[in-house]
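Chemist: Starting off with a structure, shown below.
2 protein chains.
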Amino acid sequence: MSETTRALRSDAERTVRTILEAAERVLSKNPAASMEQIAEAAGVARTTVHRRFASREALVDAMAAWANQRFAEAIDAAHPETAPPLVALYQATVNVLRVKIDWGFAMSRMLSDDPEAARVHAEVDARCERLFSRAREAGVLRADVDPLWARRVYYALCHEAAQTRDGEPDALAARLIDTLLRGVGTGQGLA
Amino acid sequence: MSETTRALRSDAERTVRTILEAAERVLSKNPAASMEQIAEAAGVARTTVHRRFASREALVDAMAAWANQRFAEAIDAAHPETAPPLVALYQATVNVLRVKIDWGFAMSRMLSDDPEAARVHAEVDARCERLFSRAREAGVLRADVDPLWARRVYYALCHEAAQTRDGEPDALAARLIDTLLRGVGTGQGLA
DNA sequence: AGAACTTGCAACAGTGATGATGCAAGTTCT
DNA sequence: AGAACTTGCATCATCACTGTTGCAAGTTCT
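Chains as they are written, first to last, in the working numbering: chain A, 213 to 403; chain B, 213 to 403.
Here it is in structure tokens:
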């Protein structure tokens, strides 16, 4: 669609990508890292970063926009509105985990007070709500669990699985959904 | 034991407490907040903060020490080594949630690279491991779930429940453990 | 009341990050 | 080869935050 999905053309665009990826690496380890550290990780001079991004805020915004784009694509590809609930849930989880592993910092910023980020997050949450609602009607999800809490649990598990670096996204997603649906207990519950 | 558990005596000690609590409030909303903002929230001059805490690092260390103290007390009070696994798990969850709601920032810092904080966290994790192991032997936890993953899920749920501000810790803990053990699915699982 | 202590205020120096600019050298495209 | 563009380097101004100190005013305790 836009320039972000087009094949890279000039050195300038390649440099932008390099900086974005370096910024993600550095900021995910230390959110307070300086522009100097980001530039160093990208293998460019600090002035180059400032030429491409007017300010630190502009850089972080660009990271969030890039990550949001891939995030939306990951969800779309799972056809959450039409595919069988469990299939869509699994596919969306795999896709999102792939993005979240590479763009954890940029995506975590979606929870901040940025208006645009909040809008995107609200939209994704609404789609997740519809998917969970369909799953409940299909008898996959318990009806006695607060829908909001169920989603929050799902998000928390996604976050946790993305931190875990061992294993393929497929295996991580399978374990995640198994835990989400069955928990870690034997079934007798709290009595 | 030490001066932290003793009744407050002078204005100075009261001021220290006020600053610690204000710092928790401010830093939990914005980890990069300045000393000025913390002082303002505490209702004191910035110089007073610097008189009580030699540096910003010293302040954060004091917050972590205070939170760790209450954290350890919360776990001890649940008798995780001797009480029946489910009882201990529930009681520890309630106690920890109370602390985590009030000292979320200070406790989240335990995951940083501070050596002392890492030591405390490792010790707590070890006690949790023993408790989960007992729960498994008692038939409460599934034997086919990776123990480390089970603990990570539990930590993630605790974190999530602590964010949720609605409801008493008792109810939050009950829902948390129900989800941990049974999940949010109806039981048929993935296949 | 007097001593000891604590606080607020104002002022200061030091430090590190941010952002801008001019210039020389290198690259890519025509 | 020449034009357009991009980069690295050195430099500069600015700014916010940190941490310190002296002094006056207020308090708590005896």
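Quick reminder that beta carbons are idealized off the backbone N, C-alpha and C, glycines included.
Predicted, not measured: the structure shown is a model, and the values here were computed from it.
Which partner residues of B:G397 appear in the DSSP bridge assignment?
Modeler: According to DSSP, B:G397 shares a beta bridge with A:L353.
Chemist: Taking only three categories from DSSP, how would you classify A:G316?
Modeler: helix
Chemist: Give a yes or no on whether 9 Å exceeds the smallest Cβ distance from B:V352 to chain A.
Modeler: yes
Chemist: How many whole angstroms separate the CB atoms of A:V256 and A:M247, which I take to be in contact at a CB cut-off of 8 Å?
Modeler: Cβ-Cβ separation between A:V256 and A:M247: approximately 11 Å, too far for a contact (criterion under 8 Å).
Chemist: For a minimum of 4 consecutive residues, which ranges assigned as the alpha helix (DSSP H) are wholly contained in the region 249-302 of chain A?
Modeler: 258-264 and 268-288
Chemist: What span of residues does the alpha helix (DSSP H) with B:S324 cover, start to end?
Modeler: Neither: B:S324 is in no alpha helix (DSSP H) and is coded neither H nor E.
Chemist: Please report the residue range of the alpha helix (DSSP H) in which A:T230 lies.
Modeler: Residues D223 to K241.
Chemist: Taking the straight line between their C-alpha atoms, what separation do you get for A:Q303 and A:P297?
Modeler: 10 Å
Chemist: Report yes or no: do the region 362-369 of chain B and the region 362-370 of chain A share at least 3 C-beta pairs separated by less than 8 Å?
Modeler: The region 362-369 of chain B is in contact with the region 362-370 of chain A.
Chemist: Checking contacts by CB at 9 Å: is A:T217 closer than that to chain B?
Modeler: For A:T217, the predicted structure reports a pLDDT of 33, less than 50, and the residue's modelled location is therefore unreliable. A value from the coordinates is still provided. So no, A:T217 is outside the interface.
Chemist: Identify the continuous alpha helix (DSSP H) that holds A:A362 and give its terminal residues.
Modeler: P359 to Q375
Chemist: Is the CB-CB distance between A:L343 and B:T398 below 9 Å?
Modeler: no
Chemist: Quick one: Cα of A:A329 to Cα of A:G395, how far?
Modeler: Taking the Cα positions, A:A329 is about 31 Å away from A:G395.
Chemist: By how many angstroms is the C-alpha of B:D378 removed from the C-alpha of B:E349?
Modeler: 34 Å
Chemist: Measure the beta-carbon distance from B:A362 to B:V306 and round it to whole angstroms, keeping in mind my assumption that it falls under 8 Å.
Modeler: About 19 Å separates the two Cβ atoms, so there is no contact after all.
Chemist: Between the region 283-300 of chain B and the region 234-243 of chain B, can you find at least three pairs of beta-carbon atoms closer than 8 Å?
Modeler: no
Chemist: Is it the case that the Cβ atoms of A:E233 and A:G316 are separated by a distance below 9 Å?
Modeler: no
Chemist: At least one CB of chain A closer than 9 Å to the CB of B:L369: is that the case?
Modeler: yes
Chemist: Could you tell me the distance, in whole angstroms, from the CA atom of A:K312 to the CA atom of B:L323?
Modeler: 20 Å
Chemist: Going by CA-CA distance only, name the one from B:Q281, B:A338, B:G351 and B:E225 that's closest to B:M319.
Modeler: B:Q281
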